[in-house]
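Everything on this sheet refers to the single structure shown next.
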Amino acid sequence: QEPDHVLTLKKQDSNVEYKYVFDAKYRLNPAYPGSDYYEKYRLPGPEEDDINTMHRYRDAIVYQNQKTGEYERTLFGAYVLFPYADEETYREHHFYKSIKKVNVGALPFLPNATKLVEEFLDELILDSPEKAYERSTRPRGTEEYYQDKLSGKNVLVGSLGSREQLQVCLQHLFYSIPL
């Protein structure tokens with residue numbers, strides 16, 4: 429399986445590449461009253477199996493870190509692009525809201541319906557590296573893992589005015605706070 433389009437972003441002050449899959453699917457479930465899809469979602473939208481494919485893309489595409497030899501997920505999110513014109517109504521669809529929850533979902537995309545995709549791309553591009561990382565779904569137990577790693581450790585968090593100040597602090601092993 430290969431996705432149609434992978435957007436790769438390199439954020440300022442970060443060596444990480446943030447990758448997002450946009451996969452065009454030309455199917456629309458019309459959510460006819462009485463259908464299972466209508467009972468679940470109430471609105472027309474992408475097929476469930478197309479969303480499931482996005483989950484597989486996000487979770488299965490990995491790369492081997494050359495320094496550690498460990499495998500890491502490379503995708504931060506995956507989205508179906510599907511033919512649907514009523515973008516405002518679609519904002520209430522489960523698969524649109526799931527983008528905020530698990531960073532997998534769907535966006536309508538037609539020549540005259542590009543507003544949601546444009547807004548979402550602006551958001552991805554303008555995200556800080558921290559926000560981009562926080563947007564991704566973490567493995568279960570992450571909080572407990574780091575809680576144990578940092579438990580009992582003294583940590584100083586201080587602001588710096590420049591990279592040069594950081595270099596001086598590291599070189600001389602000190603941090604000063606003006607009074």
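In this text, residue positions in the sequence shown follow the working numbering: the first is 429, and each later residue adds one. Here a beta-carbon is modelled for each residue, glycine too, at the ideal position from N, C-alpha and C.
- By the neighbour-count criterion, in which a residue is buried when 16 or more other Cβ atoms sit within 10 angstroms of its Cβ, Asp451 is buried.
- In this structure, the alpha-carbon of Val545 lies about 7 Å from that of Phe537.
- The beta carbon of Leu435 lies closer than 6 Å to those of Tyr448 in the same chain, with the five residues before and after it left out.
- Short of 8 Å from the beta carbon of Ala459, and not among the five residues preceding or following it, lie these beta carbons of its own chain, in chain order: Tyr465, Tyr466, Tyr469, Arg470, Leu471, Pro472 and Gly473.
- The alpha carbon of Arg486 has as its nearest neighbour, out of Gly533, Tyr512 and Arg455, the alpha carbon of Gly533.
- Contact check for Pro557 and Lys439: beta-carbon distance about 4 Å, within the 8 Å limit, so the pair qualifies.
- Collapsing the DSSP output to three states places Leu594 in a helix.
- Taking a C-beta distance under 8 Å as the contact criterion, Glu515 and Ala541 qualify as a contact pair.
- Between Gln494 and Tyr518, the alpha-carbon positions lie close to 42 Å from each other.
- Counting the other CB atoms within 10 Å of its CB gives Asn480 a total below 16, which places it among the exposed residues.
- Judged by DSSP secondary structure, Pro557 falls within the alpha helix (DSSP H) whose first and last residues are Pro557 to Arg563.
- Within a 10 Å sphere around the beta-carbon of Val508 sit 16 or more other beta-carbons, which makes this residue buried.
- Assigned with DSSP and collapsed to three states, Thr436 falls in strand.
- Looking only at Cys597, Val444 and Ser590, the smallest Cα-Cα distance to Thr502 is reached by Val444.
- Along the stretch 445 to 499, the beta strand (DSSP E) occurs as fully enclosed runs of 3 or more residues at 445 to 452 and 490 to 492, listed in sequence order.
- Positions of the alpha helix (DSSP H) runs, each at least 4 residues long and wholly inside the stretch 498 to 542, are given as 515 to 518 and 522 to 530 in order along the chain.
- Arg563 and Gly505 do touch by the CB rule: their CB atoms are close to 7 Å apart, below 8 Å.
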